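These notes concern the structure reproduced below.
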Amino acid sequence: MLLSSLDLLAKAPGGVTRLRELILTLAVQGKLVPQDGADEPASVLLQKIRAEKDWLIAEGKIKRDKPLAEIAEEEKPFEIPQGWEWVRLGFAAKKITDGTHHSPASFSTGDFKYLSAKNIKTWGIDLSDVTYIPAAVHEEIYTRCDPEVGDILFIKDGATTGILTINTLAEPFSLLSSVGVIKASCGLTSEWLARVMRSPYFYGAMRAEMTGVAITRVTLSKLNVALVPLPPLAEQSRIVTRVEELMRLCDALEAKGRLEAMQHTQLVKTLQGTLTASATPEKLADNWQRVAQHFDLLLDRPEAIDALEQTLLQLAVRGLLVPQDPTDEPASTLLVRIRTEKDRLIAEGKIKRDKPVPPITNEERPFELPVGWEWGRLEQLSIAIVDCPHSTPRFVESGRLCLDTNSFKRGVLLPHKLRFVDDATFVERNIRLTPQPGDLVFAREGSVGESILIPDGVEACLGQRVMLFRFSSQVSKEFVRLAISSRSFLDSLLAMHKGIGAKHVNVGDMRNAVIPLPPLTEQSRIVTRVNALRRLCADLRQRLMSSQVTQSHLARALVESSNPL
């Protein structure tokens with residue numbers, strides 16, 4: 019059933035990961051390959067393991083192991099086939115130890131490699147940033163912890179606990195205590211033990227046993243008493259072979275998914291470019307018809323819908339989304355009326371006199387505008403532009419709303435991310451300008467470009483990494499928000515700070531930033547059209563999410579059924 023459903027599992031979010039987990043679960047439960055009655059049973063392996071360990075103890079090669087408690091029936095997490103045995107890892111392994119607990123000084127060159135958790139990967143040992151220690155330090159560590167080829171190296175400390183690999187380094191090396199070493203005995207292959215330890219059963223059991231405050235860890239004592247299913251030796255080999263075959267299939271499914279994703283992204287970019295390259299509304303209509311024929315192929319993942327929405331913004335700010343009306347009052351007259359309004363407010367003492375704006379150069383005009391449009395700087399369109407206070411507010415459990423970059427996304431407040439300040443802090447942070455409904459709050463660091471128009475009835479102060487715009491009554495604030503959300507605007511803004519580090523813009527950047535300005539009535543028509551199309555995008559996104567949830571549920575149901583492949 020699962021093999022016939024691989025396409026669903028591959029496409030479902032997390033489907034291949036669940037398939038890998040299922041393969042390991044079936045493997046450790048003995049459901050992946052048939053049992054062979056001719057195999058020497060694991061009960062005999064237990065005797066051989068004991069004999070080997072007694073011989074090694076007598077030879078002085080390992081220390082005598084402490085007696086381990088009998089395995090009670092209630093400890094056994096699941097049933098295993100006839101001929102298998104449950105065994106404690108401390109009995110099945112010749113030795114379980116870890117690296118040094120003293121963290122010696124290490125260097126970029128030296129006598130012996132010194133590995134820690136950062137060097138242990140599922141695919142092997144990563145030597146890209148390995149450090150070294152002197153021979154004398156290595157010899158002291160190696161007397162207790164002597165990793166050899168075939169030993170399991172298991173991360174037992176920190177966030178990556180549970181990651182393991184089978185050692186292939188023939189040369190002696192030393193380990194930090196974050197890595198445990200498990201030496202398999204004659205009745206337990208390292209390959210089988212590695213699959214058991216990677217299984218959801220063992221991984222979950224060890225993660226549940228992690229203790230500690232600053233750094234959580236699995237102790238050696240917990241590893242010693244951990245339960246491991248032990249099949250006959252021949253069956254261990256058959257299971258490992260089958261697991262590897264199926265894992266290669268999972269690799270192929272993941273590679274196919276990555277390739278399809280890359281091809282899909284390229285297709286979306288190509289068709290998106292076709293739309294944005296339209297020079298006239300008529301040309302756009304033709305191109306739109308061609309692209310719309312492929313919507314079922316294009317819009318099958320969230321990032322594609324995001325790209326479509328951004329394309330719509332690009333078309334909107336270029337004047338290609340709605341037709342122009344020659345009877346509209348041109349934007350040049352609108353700029354004059356905005357200037358008249360600002361001069362009146364200055365004369366009334368309601369705002370400060372703004373500085374003259376520099377002329378807009380040809381280099382600042384990324385595309386041709388329709389007749390009746392103008393380029394304008396945000397400074398020209400604004401009554402006020404203020405930065406947030408450059409201090410971290412003291413937040414309280416409840417109080418007055420404080421807007422920061424975490425408070426909003428896609429123009430909407432996020433109730434679960436809102437933070438609050440007390441009355442005194444609220445007043446202090448509003449000394450320069452008290453935000454009011456209709457003002458635009460813009461993220462200038464972190465999620466640069468996210469913005470929100472303060473909704474009616476909302477009182478707020480500014481948190482950190484945001485700035486506030488109060489626009490002239492002669493301009494549509496909704497249109498300005500669309501314009502500064504467009505990819506072309508944000509790209510030009512961030513290009514000024516290319517290579518400086520964390521993405522950010524300052525108030526000066528925004529004052530001088532240039533946006534296209536249509537006639538006022540056309541601004542309204544554009545906003546109405548974009549809002550309608552965004553609602554369609556939101557509906558598409560919701561339906562896609564529902565489809566993906568259904569796929570995920572189906573994949574989980576297939577995996578959790580745990581039927582043999």
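Plus 18 on top of the position in the sequence shown (first one is 1) and you've got my numbering.
Glycine is no exception: its CB is placed at the ideal position from the N, C-alpha and C atoms.
Computed from a predicted model, the values in this text were never measured in an experiment.
Buried or exposed for P249, going by 16 or more other Cβ atoms inside 10 Å?
Here residue 249 is taken as the residue at index 231 of the sequence shown, counted from 1. Buried, because 16 or more other Cβ atoms sit within 10 Å of the Cβ of P249.
Identity of the residue in Q100, E39, K71 and D72 nearest A56 by Cα
Here residue 56 corresponds to residue number 38 of the sequence shown, with the count starting at 1. Of the listed residues, the one whose Cα sits closest to A56 is Q100.
Going by the beta-carbon positions, is the gap between L388 and P218 smaller than 9 Å?
Against the sequence shown, residue 388 aligns to sequence position 370. Against the sequence shown, residue 218 aligns to sequence position 200. A quick correction: the sequence has Pro, not Leu, at residue 388. No, the Cβ-Cβ distance between P388 and P218 is not below 9 Å.
With DSSP as the reference, label T115 as helix, strand or coil.
One-based indexing of the sequence shown puts residue 115 at position 97. Three-state DSSP puts T115 in a strand.
Are there three or more Cβ pairs, one per stretch, closer than 8 Å when the segment 379-393 is compared with the segment 422-438?
no
With DSSP as the reference, label L107 as helix, strand or coil.
The residue given as residue 107 occupies position 89 in the sequence shown. L107: helix per DSSP, three-state reduction.
If you reduce the DSSP assignment to three classes, tell me which class C204 lands in.
Here residue 204 is taken as the residue at index 186 of the sequence shown, counted from 1. Coil at C204, not helix or strand.
Endpoints, beta strand (DSSP E) assigned at M528:
Numbered from 1 along the sequence shown, position 510 holds the residue referred to as residue 528. Premise fails: M528 lies in the alpha helix (DSSP H), V525 to N530, not in any beta strand (DSSP E).
Less than 8 Å between the CB atoms is what I'm expecting for G417 and V439, so what's the real figure, rounded?
Start at 1 with the first residue of the sequence shown, and residue 417 comes out as number 399. Start at 1 with the first residue of the sequence shown, and residue 439 comes out as number 421. Contact flag correct, Cβ pair sits at about 6 Å.
For T115 versus V199, is the C-beta distance shorter than 9 Å?
The residue you call residue 115 lines up with position 97 of the sequence shown. The residue you call residue 199 lines up with position 181 of the sequence shown. In this structure, V199 lies closer than 9 Å to T115 by Cβ.
Leaving out five residues on either side along the sequence, give the residues of the same chain with a beta carbon under 7 Å from the beta carbon of T149.
Taking the sequence shown and counting its residues from 1, one reaches residue 149 at position 131. The answer, listed in chain order, is S124, F125, S126 and Y132.
In whole angstroms, give me the CA-to-CA distance for T178 and T186.
As a working note, residue 178 is residue 160 in the sequence shown. As a working note, residue 186 is residue 168 in the sequence shown. Roughly 20 Å between the two C-alpha positions.
Evaluate contact between the segment 360-378 and the segment 494-513, counting only Cβ atoms and requiring at least three cross-stretch pairs below 8 Å.
no
How should D441 be labelled, buried or exposed, when 16 other C-beta atoms within 10 angstroms of its C-beta is the threshold for buried?
On the sequence shown, position 423 is the one that residue 441 refers to. So D441 ends up on the exposed side.
contact_flag[the segment 199-218, the segment 37-53] where n(CB pairs < 8 Å) is 3 or more
yes
Neighbourhood of I257 by C-beta distance below 6 Å, restricted to the same chain and skipping five residues each side
For the purposes of this step, residue 257 is identified with residue 239 of the sequence shown, where counting begins at 1. Once the five neighbours on either side are set aside, the close Cβ partners of I257 are A45, L50 and V51.
Taking the alpha-carbon of G526 as reference, which of R412, V548 and A402 has the nearest alpha-carbon?
Taking the first residue of the sequence shown as position 1, residue 526 is located at position 508. That would be A402, whose Cα lies nearest to the Cα of G526.
Cβ of D175 within 9 Å of Cβ of T234?
The residue labelled residue 175 in the question sits at position 157 within the sequence shown. The residue labelled residue 234 in the question sits at position 216 within the sequence shown. Yes, these two residues count as a Cβ contact at 9 Å.
Tell me whether M528 is buried or exposed, calling it buried when 16 or more other Cβ atoms sit within 10 Å of its Cβ.
Numbered from 1 along the sequence shown, position 510 holds the residue referred to as residue 528. Burial call: buried.
Closest to L333 by C-alpha separation, out of G291, L471, D457 and R68, would be which residue?
Counting from one through the sequence shown, the residue named residue 333 turns up at place 315. If we check each option's Cα against that of L333, G291 comes out closest.
Please state the DSSP three-state secondary structure of S61.
As a working mapping, residue 61 is identified with position 43 in the sequence shown. It is helical.
Please specify which runs of the beta strand (DSSP E), each continuous and at least 3 residues long, are wholly inside the segment 440-492, giving them in chain order.
458-461, 469-471, 478-480 and 484-489
Among P455, T351, N530 and R488, which residue has its Cα nearest to the Cα of T379?
By one-based count along the sequence shown, residue 379 stands at place 361. Considering only alpha carbons, the answer is N530.
Considering only residues of the same chain and omitting the five flanking positions on each side of P411, which have a CB-CB separation below 7 Å?
Position 393 of the sequence shown, counted from the start, is the residue given in the question as residue 411. Cβ neighbours of P411 beyond the five flanking positions: C420, V439, T443, R447 and G481.
So, using beta-carbon positions, are S192 and I143 closer together than 9 Å?
Residue 192 sits at position 174 when you count from the first residue of the sequence shown. Residue 143 sits at position 125 when you count from the first residue of the sequence shown. Against a cut-off of 9 Å, the Cβ pair of I143 and S192 comes out as no contact.
Go to G33, then tell me how far its alpha helix (DSSP H) extends in each direction, as first and last residue.
For the purposes of this step, residue 33 is taken as the residue at position 15 of the sequence shown. From DSSP, the alpha helix (DSSP H) with G33 extends over G33 to V46.
I believe G337 touches W391 by the beta-carbon criterion, under 8 Å. Please report the beta-carbon distance rounded to the nearest angstrom.
Residue numbering aside, residue 337 sits at position 319 when the sequence shown is read from its first letter. Residue numbering aside, residue 391 sits at position 373 when the sequence shown is read from its first letter. Yes, G337 and W391 are in contact; Cβ-Cβ is about 6 Å, under 8 Å.
Verify whether the separation of the beta carbon atoms of G205 and A60 is less than 9 Å.
Along the sequence shown, read from residue 1 onward, the residue named residue 205 stands at position 187. Along the sequence shown, read from residue 1 onward, the residue named residue 60 stands at position 42. Closer than 9 Å, so yes.
Other residues of its chain near K94: CB distance less than 6 Å, five sequence neighbours each side excluded
Within the sequence shown, the letter at position 76 stands for residue 94. Excluding positions up to five away in sequence, the list reads W104.
Check whether the Cβ atoms of T207 and I138 sit closer than 9 Å, and answer yes or no.
The residue you call residue 207 lines up with position 189 of the sequence shown. The residue you call residue 138 lines up with position 120 of the sequence shown. Cβ atoms of T207 and I138: not closer than 9 Å.
Straight-line Cα distance separating H434 from E92:
For this step, residue 92 is matched to residue 74 along the sequence shown. For this step, residue 434 is matched to residue 416 along the sequence shown. Rounded to whole angstroms, E92 to H434 spans 43 Å at the Cα level.
Quick one, are the C-beta atoms of L107 and A244 less than 9 Å apart?
On the sequence shown, residue 107 is found 89 positions in, with the first residue counted as 1. On the sequence shown, residue 244 is found 226 positions in, with the first residue counted as 1. A contact, by the Cβ cut-off of 9 Å.
Where P453 falls, given that 16 or more other Cβ within 10 Å makes a residue buried:
For the purposes of this step, residue 453 is taken as the residue at position 435 of the sequence shown. Result: buried.
Out of Q254, G222 and E253, which has the shortest C-alpha to C-alpha gap to R241?
Here residue 241 refers to the residue found at position 223 of the sequence shown. Per the sequence shown, the amino acid found at residue 241 is Leu instead of Arg. Ranking the options by Cα distance to L241, first place goes to G222.
For V354, count neighbouring C-beta atoms within 10 Å of its own C-beta (all shown protein chains included) and say buried if the count is 16 or more, exposed if not.
Position 336 of the sequence shown holds residue 354. So V354 counts as exposed.
Could you give the DSSP three-state label for G390: helix, strand or coil?
Within the sequence shown, residue 390 is the residue found at index 372, counting from 1. Here G390 sits in coil by DSSP.
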